[in-house]
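To start, the structure itself, in structure tokens.
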Amino acid sequence: MAILCGGTIGGLLLGATPGLSPTMAVALLIPFTFHMTPTHGLMLLGAAYTATVAGGAISAILLKIPGAPANIATALDGNAMAKKGEGARALQICFISSFIGGVLGILVLIFLTPVLAKWALGFGPSHMFWIAILGVTIIGSLDSKSVIKGLLAGAVGLWIAMIGYDSIQGVERFIFSEHLEGGVHIIAALIGLFAIPQIIEMLEGGRINRQYQIIEVKPHSIAAAFRETISKMRAAIIGSVVGIVVGLIPGAGGQIAGLVSYDQARRFSPNRDKFGTGESEGVVAAETANNAMVGPSLVPLLTLSVPGSPTAAVLLGGLLIHGIFPGPNLFVEHADVAWAFINSLLVGQVLMLVFGLYIAGLAAHVVRIPPPILASGILVLSVFGAYSVQSSYSDVVVMLALGLGMYFLSKYGFSPAPLVLGVILGPIAESNYVQGQIIAGAGDGMFAYFFTGALNLFLIGLVVASIVYSVISEIRIRRLEPRAGVAS
Amino acid sequence: MSQQDQVAGRFQQCLPVLATLALGLWIAYESFTVEDPQPYLFPQLISVAMIGLSAAALFRAIRGANRTGVGIPLDLLLRIAPGIAVMLAYVLVLAPQLGFYTGSAIGFITLYSLYDPNPHLSVRTWFTRITITAGFMLVIYLVFALALQVQTPRGLFL
Numbered sequence: 071m072a073i074l075c076g077g078t079i080g081g082l083l084l085g086a087t088p089g090l091s092p093t094m095a096v097a098l099l100i101p102f103t104f105h106m107t108p109t110h111g112l113m114l115l116g117a118a119y120t121a122t123v124a125g126g127a128i129s130a131i132l133l134k135i136p137g138a139p140a141n142i143a144t145a146l147d148g149n150a151m152a153k154k155g156e157g158a159r160a161l162q163i164c165f166i167s168s169f170i171g172g173v174l175g176i177l178v179l180i181f182l183t184p185v186l187a188k189w190a191l192g193f194g195p196s197h198m199f200w201i202a203i204l205g206v207t208i209i210g211s212l213d214s215k216s217v218i219k220g221l222l223a224g225a226v227g228l229w230i231a232m233i234g235y236d237s238i239q240g241v242e243r244f245i246f247s248e249h250l251e252g253g254v255h256i257i258a259a260l261i262g263l264f265a266i267p268q269i270i271e272m273l274e275g276g277r278i279n280r281q282y283q284i285i286e287v288k289p290h291s292i293a294a295a296f297r298e299t300i301s302k303m304r305a306a307i308i309g310s311v312v313g314i315v316v317g318l319i320p321g322a323g324g325q326i327a328g329l330v331s332y333d334q335a336r337r338f339s340p341n342r343d344k345f346g347t348g349e350s351e352g353v354v355a356a357e358t359a360n361n362a363m364v365g366p367s368l369v370p371l372l373t374l375s376v377p378g379s380p381t382a383a384v385l386l387g388g389l390l391i392h393g394i395f396p397g398p399n400l401f402v403e404h405a406d407v408a409w410a411f412i413n414s415l416l417v418g419q420v421l422m423l424v425f426g427l428y429i430a431g432l433a434a435h436v437v438r439i440p441p442p443i444l445a446s447g448i449l450v451l452s453v454f455g456a457y458s459v460q461s462s463y464s465d466v467v468v469m470l471a472l473g474l475g476m477y478f479l480s481k482y483g484f485s486p487a488p489l490v491l492g493v494i495l496g497p498i499a500e501s502n503y504v505q506g507q508i509i510a511g512a513g514d515g516m517f518a519y520f521f522t523g524a525l526n527l528f529l530i531g532l533v534v535a536s537i538v539y540s541v542i543s544e545i546r547i548r549r550l551e552p553r554a555g556v557a558s
Numbered sequence: 002m003s004q005q006d007q008v009a010g011r012f013q014q015c016l017p018v019l020a021t022l023a024l025g026l027w028i029a030y031e032s033f034t035v036e037d038p039q040p041y042l043f044p045q046l047i048s049v050a051m052i053g054l055s056a057a058a059l060f061r062a063i064r065g066a067n068r069t070g071v072g073i074p075l076d077l078l079l080r081i082a083p084g085i086a087v088m089l090a091y092v093l094v095l096a097p098q099l100g101f102y103t104g105s106a107i108g109f110i111t112l113y114s115l116y117d118p119n120p121h122l123s124v125r126t127w128f129t130r131i132t133i134t135a136g137f138m139l140v141i142y143l144v145f146a147l148a149l150q151v152q153t154p155r156g157l158f159l
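Below is the structure:
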């Protein structure tokens with residue numbers, strides 16, 4: 071319980087801090103879990119993941135700076151309420167809505183995961199190979215503004231995973247520095263790729279004194295907030311349904327869930343004209359949606375080892391360092407750990423509600439940490455986190471090198487999520503590819519093994535569909551967008 | 002027009018994809034020219050994908066069709082350069098030579114002070130900076146050295 075409480079409070083504060091995304095917060099927490107049992111470690115990560123998503127609403131409401139992209143829709147009405155002196159009411163409604171959406175989403179996770187996992191038990195190496203490739207192409211195509219750059223980042227990630235000694239024959243591959251002799255550790259990659267670029271982004275403004283507008287949080291009755299949220303049940307239902315559907319689609323993310331739900335709630339509301347001016351229905355719709363997607367987004371991760379979001383990709387890294395490989399066999403080999411993790415998400419929702427209602431006012435002070443202090447603190451934490459996993463200084467050097475490289479690539483439209491997923495799924499894809507090749511050698515050959523059979527064709531179809539869908543979306547967006555200016 | 006609305010020019014867009022193309026070609030060279038290709042079968046696939054995607058991205062960049070990413074203008078580079086220099090000095094020199102905790106404290110206060118908008122000549126500013134650095138490093142020591150019992154490398158100091 072202490073771990074869950076710590077994870078929830080930490081997650082709320084980290085989520086509330088502008089500049090700290092839930093993905094980075096979870097990545098920074100993984101080294102701490104390395105020293106725990108797998109069950110405790112995953113409980114901490116689960117509670118923190120749940121709380122960071124909800125915590126992002128604190129800065130969205132009080133500062134109009136969404137803690138994460140998922141909270142953009144929350145800021146629209148939440149901040150307007152706060153400016154009217156109703157900050158506490160907005161925060162209370164936000165956490166009650168988050169709880170409703172979060173619990174419904176996790177119930178979907180609880181009931182859907184075992185069914186899918188049972189179906190996936192019959193998967194062979196060729197299917198697992200295509201699933202690993204599907205994971206990279208989904209995140210590569212959907213999480214990036216450019217499909218080509220997303221897939222390219224995924225390919226670079228797959229190559230990074232090959233650095234070091236080959237796991238089958240022990241052959242040295244691509245070691246061009248002494249720091250790479252042990253390969254690239256997942257945690258060093260996670261921290262470097264997610265934390266270092268954000269640190270540099272915090273420094274981009276130079277020595278600018280950022281004055282946050284301080285909004286006073288006046289006391290408000292929690293019971294009244296409960297009554298008001300329940301009276302907005304239509305928005306809560308719309309938010310939950312949208313969140314669950316969006317969560318089940320790999321790569322879609324909380325930002326889409328929040329904005330789609332907000333838009334639909336406005337369309338069906340008799341108070342649609344008041345949206346954007348401090349209408350609590352907008353907060354309910356946005357927050358139920360972005361929390362309802364948390365549980366379903368983990369369904370493809372736990373059953374097929376395909377992360378549905380960048381944060382789920384980081385959680386995949388957290389599972390792997392504890393020797394737990396999510397996928398069809400998770401509920402056979404590590405059922406106790408898997409259920410402890412899922413239950414921790416559910417308990418985390420209750421704790422998030424309790425702590426959220428009582429510490430939201432305190433968090434308003436924490437979120438005003440000046441960027442130079444935040445950047446320096448994350449840097450030191452990243453160095454200690456990367457080092458502590460294997461007590462290897464090479465991990466620190468690799469972490470920084472990857473982070474600096476990622477920062478420069480991100481300025482040209484490359485996203486860290488597909489790169490990270492390539493690093494995580496690379497060994498899985500390779501081992502299944504090699505196993506499949508051996509089986510194919512004894513059978514009808516590579517083409518027959520990897521490209522025939524209903525399931526292979528279905529998975530290949532999904533890989534192609536994820537790319538084609540993203541290409542079409544990219545073309546549509548470009549046609550709608552006015553031509554952007556070009557910097558020299 | 003804000004920086005958010007801008008995209009990097011053709012020349013800048015070509016640079017990262019030229020780098021990934023060179024990387025892909027190097028991986029292909031390493032993977033296809035070894036005596037025993039067995040451990041390099043998967044890297045061979047990756048290199049082919051990387052070369053193909055890089056060529057497509059390069060073609061789009063040359064045509065001016067790559068419209069993602071703001072690039073790195075000189076003024077931005079000048080603003081972040083001191084921070085990156087501190088990071089490199091901290092990781093490559095300070096922490097291994099002076100000790101993990103000493104190097105981290107120096108790295109923290111240097112980065113913080115460089116980007117802190119408060120006046121550098123004020124005693125009060127430096128008192129705040131030193132207090133925050135000491136407090137943060139104390140928490141780090143308590144968590145990593147005492148709670149998690151992580152043995153950090155020692156240099157001249159702790």
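Residue numbers (my numbering), protein chains in the order written: chain H, 71 to 558; chain V, 2 to 159.
Beta carbons are placed, not taken as given, at the ideal position from N, Cα and C, and that holds for glycine.
Counting only Cβ pairs nearer than 8 Å, list the residues of chain H close to residue i.
i, result
"ILE107 of chain V", "Residues of chain H passing the Cβ test: none, with the nearest at roughly 11 Å."
"GLN14 of chain V", "TYR482"
"SER55 of chain V", "LEU222"
"LEU77 of chain V", "GLU274"
"LEU149 of chain V", "PHE102, HIS105 and SER458"
Compute the Euclidean distance between the alpha carbons of residue i and residue j, then round it to the nearest angstrom.
i, j, result
"VAL556 of chain H", "GLY10 of chain V", "Reliability fails at VAL556 of chain H, whose pLDDT of 42 lies under 50, so the model's placement of it is uncertain and no value is given."
"ILE154 of chain V", "GLU271 of chain H", "The identity of residue 154 of chain V in the sequence shown is Pro, whereas the question assumes Ile. Cα to Cα, the separation comes out at about 29 Å."
"SER536 of chain H", "GLY220 of chain H", "12 Å"
"ILE545 of chain H", "SER216 of chain H", "10 Å"
"ILE141 of chain V", "GLY447 of chain H", "10 Å"
"LEU74 of chain H", "VAL417 of chain H", "8 Å"
"VAL468 of chain H", "GLY155 of chain H", "48 Å"
"MET51 of chain V", "VAL71 of chain V", "23 Å"
"SER414 of chain H", "ASP37 of chain V", "48 Å"
"LEU89 of chain V", "ASN67 of chain V", "31 Å"
"LEU177 of chain H", "GLY365 of chain H", "8 Å"
"GLY192 of chain H", "GLY506 of chain H", "15 Å"
"GLY346 of chain H", "PRO108 of chain H", "44 Å"
"LEU179 of chain H", "PRO370 of chain H", "10 Å"
"SER3 of chain V", "ARG277 of chain H", "Summary for SER3 of chain V: the model assigns pLDDT 45, below 50, so the residue's position carries little reliability, and this model does not support an answer."
Could you name the residues of chain V that residue i contacts, counting a contact when the two beta carbons are closer than 7 Å?
i, result
"PHE454 of chain H", "ILE141 and PHE145"
"LYS215 of chain H", "THR69"
"ILE560 of chain H", "Given a span of 71 to 558 for chain H in the structure shown, any question on residue 560 of chain H remains unanswerable."
"LYS219 of chain H", "ALA58 and THR69"
From this set, the options, which residue's C-alpha is nearest residue i's C-alpha?
i, options, result
"VAL185 of chain H", "H:LEU427, H:PRO486 and H:LEU400", "H:LEU400"
"PHE165 of chain H", "H:PHE181, H:LEU174, H:ALA124 and H:LEU204", "H:ALA124"
"MET138 of chain V", "H:ASP465, H:GLU544, H:VAL450 and H:PHE517", "H:VAL450"
"ALA355 of chain H", "H:ILE308, H:ALA382, H:THR93 and H:LEU368", "H:ILE308"
"ALA471 of chain H", "H:MET303, H:ILE230, H:VAL538 and H:GLY276", "H:ILE230"
"SER350 of chain H", "H:GLY76, H:ILE163, H:ALA97 and H:MET94", "H:ILE163"
"GLY148 of chain H", "H:ILE135, H:ILE131, H:VAL402 and H:SER414", "H:ILE131"
"LEU489 of chain H", "H:ALA152, H:ILE142, H:PHE246 and H:SER379", "H:SER379"
"SER462 of chain H", "H:THR93, H:LYS153, H:PRO398 and H:ALA258", "H:ALA258"
"PHE181 of chain H", "H:TYR519, H:ILE547 and H:ILE412", "H:ILE412"
"HIS290 of chain H", "H:ILE256, H:ALA160 and H:ILE245", "H:ALA160"
"SER138 of chain H", "H:SER237, H:PHE244, H:GLY77 and H:GLU357", "Checking the sequence, you will find Ala at residue 138 of chain H rather than Ser. Here the closest residue by C-alpha is H:GLU357."
"ALA150 of chain H", "H:PRO92, H:SER464 and H:LYS344", "H:LYS344"
"LEU409 of chain H", "H:LEU83, H:THR183 and H:PHE169", "The displayed chain sequence assigns Trp, not Leu, to residue 409 of chain H. For the residues H:LEU83, H:THR183 and H:PHE169, the minimum Cα distance to TRP409 of chain H belongs to H:THR183."
"ILE201 of chain H", "H:VAL533, H:TYR539, H:ARG549 and H:ARG548", "H:VAL533"
Compute the beta-carbon to beta-carbon distance between residue i and residue j, rounded to the nearest angstrom, for a pair I have assumed lies under 8 Å.
i, j, result
"PHE158 of chain V", "LEU99 of chain V", "6 Å"
"LEU114 of chain H", "THR103 of chain H", "6 Å"
"GLY172 of chain H", "THR120 of chain H", "6 Å"
"LEU222 of chain H", "ILE233 of chain H", "Going by Cβ atoms, the distance from LEU222 of chain H to ILE233 of chain H rounds to 18 Å, so no, they are not a contact pair."
"GLY352 of chain H", "LEU146 of chain H", "6 Å"
Please list the partners that residue i has in chain V, where partner means a Cβ-to-Cβ separation under 9 Å.
i, result
"ALA445 of chain H", "GLY84, LEU112, TYR113 and TYR116"
"ILE238 of chain H", "GLN39 and PRO40"
Chain V partners of residue i, CB-CB under 8 Å?
i, result
"GLU248 of chain H", "Within chain V, no residue comes near GLU248 of chain H; the closest Cβ sits about 13 Å away, beyond 8 Å."
message: With three or more beta-carbon pairs closer than 8 Å as the criterion, would you say the segment 252-265 of chain H touches the segment 464-479 of chain H?
response: yes
query: Are three or more beta carbon pairs between the segment 370-378 of chain H and the segment 324-337 of chain H nearer than 8 Å?
result: no
Inter-stretch contact at 8 Å, needing at least 3 Cβ pairs: the segment 451-469 of chain H / the segment 34-54 of chain V: no
- prompt: Using 8 Å as the Cβ pair cut-off and three pairs as the minimum, do the segment 98-116 of chain V and the segment 128-135 of chain V touch?
  reply: Touching, yes.
- request: Flag this pair as touching only if the segment 310-319 of chain H and the segment 285-299 of chain H have three or more C-beta atom pairs under 8 Å; answer yes or no.
  value: No, the segment 310-319 of chain H does not touch the segment 285-299 of chain H.
contact_flag[the segment 384-402 of chain H, the segment 188-207 of chain H] where n(CB pairs < 8 Å) is 3 or more: Between the segment 384-402 of chain H and the segment 188-207 of chain H there are three or more inter-stretch CB-CB distances shorter than 8 Å, so the stretches are counted as touching.
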